[in-house]
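Letter 55 of the sequence shown, counting from 1, is numbered 62 in my numbering, and no numbers are missing.
Worksheet: one structure, shown below.
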Amino acid sequence: MVEGRYRLIGSTASPYAIKLRALLRYRRIPFDWVIMTKSLRKQTEHLRPNLIPVLQYPDGTFRGETTTLAYDLENRHRERSVIPEDGAVAFVCDLLEDLADEWAVKPLFLYRWWDPEDQGYVSRWAAEEWSVSGAEPGSSEEIEDFRRRQISRMPMLGATAENKPLLEQSYRRILNAFEPHVGMTKYLFGSRPSLADFAWFGQLSEMATDPTPMRLMRQMAPFTDHWTRRLDDASGVDGAWYPREQALSGMAEALLRIAGELYLPFLVANAEAFAKGVERVEINVWGLPYALSPFKYQVKCLDLIREKFAALSVENRTALRPVLGRTGCWAHLAAN
Ligand SMILES: N[C@@H](CCC(=O)N[C@@H](CS)C(=O)NCC(=O)O)C(=O)O
């Protein structure tokens, strides 16, 4: 056990920062929360430029990447683990964490930077906590710089007019996947939350705050809204993991369907296009088009998921076969 406190440097507007903050609270790991400032940015610029959040360890070192950090914290602190004990369930946890981190951020980004109401709301908020420009702190110039910077990044995330119907549809399907299953003590794989629950918390919590997706969530999925709000501080939650069969049904199965129908086909198309050097690919999901320019980072996401899948024991893979088959994930994972 490490002595001393961690320091989590982030912004309340960053889904990844509040993901890690909620995880640290649940795990009862002592830490202090601070907002990213220009001077902290300087101190941490050796990490991937401008990355939020950054975790400063008790020994003073700075580290990034919430998934890597969550696993490192598992090695350093034993109590209140967020990784399911069952290896088959732990694989699904990793896949659903990735779905939240890498896909759910797309509708989040689209809603944030599409409508002027959302743009105005988020640019005031995020520019204040997350200044990236040389403009005077708190000035309208700083807000405008931030707004322009984020809008320029929309195509990179696939948040374009062409893809808008599919991104919106994916948000509605995500809400529908959660709503029947969430509850006071109901998480993805038990009555205790997992790493995947915290990743979903991060993305959903921002969408529960930004004007357009907030209205949709309150209309379509009010209990998901409450569930998300509670997960911000689960330091008093003391639950258990479900038995394997229960853990692989319900909420997990509903989200696996989104992975099988949307996310894994997207990753596969991206990897194929990248390998062939094609500049633009269009896929069609749920009758809606999605155009992508191959992105190397997401080739790595697919490789990582497939490596984890390949490393499963035969017994674990056999246990996953029915649910991964039904949800359309199996063919994309077992390929290669
Ligand atoms: N995979 C990273 C993602 C972190 C991330 O993308 N953070 C965003 C903010 S939500 C960021 O800092 N982006 C850099 C930028 O926009 O310049 C993690 O889990 O920590």
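C-beta: ideal position from N, C-alpha, C; glycine also.
Ligand 1 and I59: does the residue's C-beta get closer than 6 Å to at least one heavy atom of that ligand? Here the question's residue 59 lines up with position 52 in the sequence shown. The answer is yes for I59.
Would you say the beta carbon of Y13 comes nearer than 6 Å to a heavy atom of ligand 1? Your numbering for residue 13 matches position 6 in the sequence shown. No; taking the cut-off as 6 Å, the Cβ of Y13 has no heavy atom of ligand 1 nearer than that.
In this structure, does DSSP put A142 in helix, strand or coil? One-based indexing of the sequence shown puts residue 142 at position 135. Correct three-state label for A142: coil.
Could you check whether the Cβ of E72 sits closer than 6 Å to any heavy atom belonging to ligand 1? In the sequence shown, the residue the question calls residue 72 occupies position 65. At least one heavy atom of ligand 1 is nearer than 6 Å to the Cβ of E72, so yes.
Beta-carbon proximity of P60 to Q210, cut-off 7 Å: In the sequence shown, counting from the first residue as 1, residue 60 sits at position 53. In the sequence shown, counting from the first residue as 1, residue 210 sits at position 203. Their beta carbons are not under 7 Å apart, which means P60 does not touch Q210 by this criterion.
Rounded to the nearest angstrom, what separates V9 and N82 at their Cα positions? What you label residue 9 is simply residue 2 of the sequence shown in a count that begins at 1. What you label residue 82 is simply residue 75 of the sequence shown in a count that begins at 1. Only weak support exists for where V9 lies, its pLDDT of 47 falling under 50; the coordinates are left without a value.
Using CA coordinates, which residue listed in M161, R131, N170 and L164 is at the minimum distance from D152? In the sequence shown, the residue the question calls residue 152 occupies position 145. Closest by alpha carbon: R131.
Just to confirm, is the Cβ distance from T167 to L263 under 7 Å? Translated into positions along the sequence shown, residue 167 becomes position 160. Translated into positions along the sequence shown, residue 263 becomes position 256. No.
Buried or exposed for R119, please, with buried defined as at least 16 other CB atoms from any protein chain shown within 10 angstroms of its CB. Start at 1 with the first residue of the sequence shown, and residue 119 comes out as number 112. Buried: at least 16 other Cβ atoms inside 10 Å.
Is S21 near ligand 1, judged by its Cβ being under 6 Å from some heavy atom? Position 14 of the sequence shown, counting from 1, holds the residue named residue 21. Yes; taking the cut-off as 6 Å, the Cβ of S21 has a heavy atom of ligand 1 nearer than that.
Using the Cβ count rule (16 or more neighbours within 10 Å means buried), how would you classify W293? The sequence position of residue 293 within the sequence shown is 286, counting from 1. Flag for W293 reads exposed.
What are the partner residues of A168, as DSSP defines its beta bridges? Against the sequence shown, residue 168 aligns to sequence position 161. Paired residues: none, contrary to the question.
If we ignore side chains and look at the alpha-carbon of each, how far apart do A276 and V288 end up? In the sequence shown, the residue the question calls residue 276 occupies position 269. In the sequence shown, the residue the question calls residue 288 occupies position 281. Cα-Cα distance, rounded: 7 Å.
Within 7 Å, strictly: CB atoms of L195 and M227: On the sequence shown, residue 195 is found 188 positions in, with the first residue counted as 1. On the sequence shown, residue 227 is found 220 positions in, with the first residue counted as 1. Not in contact: L195 and M227 (Cβ atoms no closer than 7 Å).
Inter-residue spacing [alpha-carbon to alpha-carbon] between G11 and W337: Along the sequence shown, read from residue 1 onward, the residue named residue 11 stands at position 4. Along the sequence shown, read from residue 1 onward, the residue named residue 337 stands at position 330. Cα-Cα distance, rounded: 44 Å.
Between the segment 91-98 and the segment 249-267, do three or more beta carbon pairs fall short of 8 Å? yes
Determine, using beta-carbon pairs with one atom in the segment 44-54 and one in the segment 73-82, whether at least three such pairs fall under 8 Å. No, the segment 44-54 does not touch the segment 73-82.
From what residue to what residue does the alpha helix (DSSP H) around W337 run? Against the sequence shown, residue 337 aligns to sequence position 330. Unbroken alpha helix (DSSP H) run through W337: W337 to A341.
With which residues is Y13 paired in a DSSP beta bridge? Position 6 of the sequence shown, counting from 1, holds the residue named residue 13. Y13 pairs with F38.
Y249 beta carbon less than 7 Å from that of G197: To locate residue 197, count along the sequence shown from 1; it is residue 190. To locate residue 249, count along the sequence shown from 1; it is residue 242. Yes, they are a contact pair.
Outcome for P329 when other beta-carbon atoms lying within 10 angstroms are tallied against a minimum of 16: Start at 1 with the first residue of the sequence shown, and residue 329 comes out as number 322. Exposed is the call here.
Taking A77 as part of the beta strand (DSSP E), name the residues at either end of that continuous run. Counted from its first residue, the sequence shown places residue 77 at position 70. Counting along the chain, A77 falls outside any beta strand (DSSP E), though it belongs to the alpha helix (DSSP H) covering T73 to R83.
Taking L238 as the reference, which of L62, F208 and E186 has the closest Cα? Locating residue 238 in the sequence shown gives position 231, where the first residue counts as 1. With distances taken between Cα atoms, L238 lies closest to F208.
Taking all protein chains shown into account, decide if S346 is buried (16 or more other Cβ within 10 angstroms of its Cβ) or exposed. Residue 346 is absent from the model: the chain starts at 8 and stops at 343.
Relative to the C-alpha of A280, which candidate in S300, A184, N291 and M224 has its C-alpha closest? For the purposes of this step, residue 280 is identified with residue 273 of the sequence shown, where counting begins at 1. Among S300, A184, N291 and M224, the Cα nearest to that of A280 is on S300.
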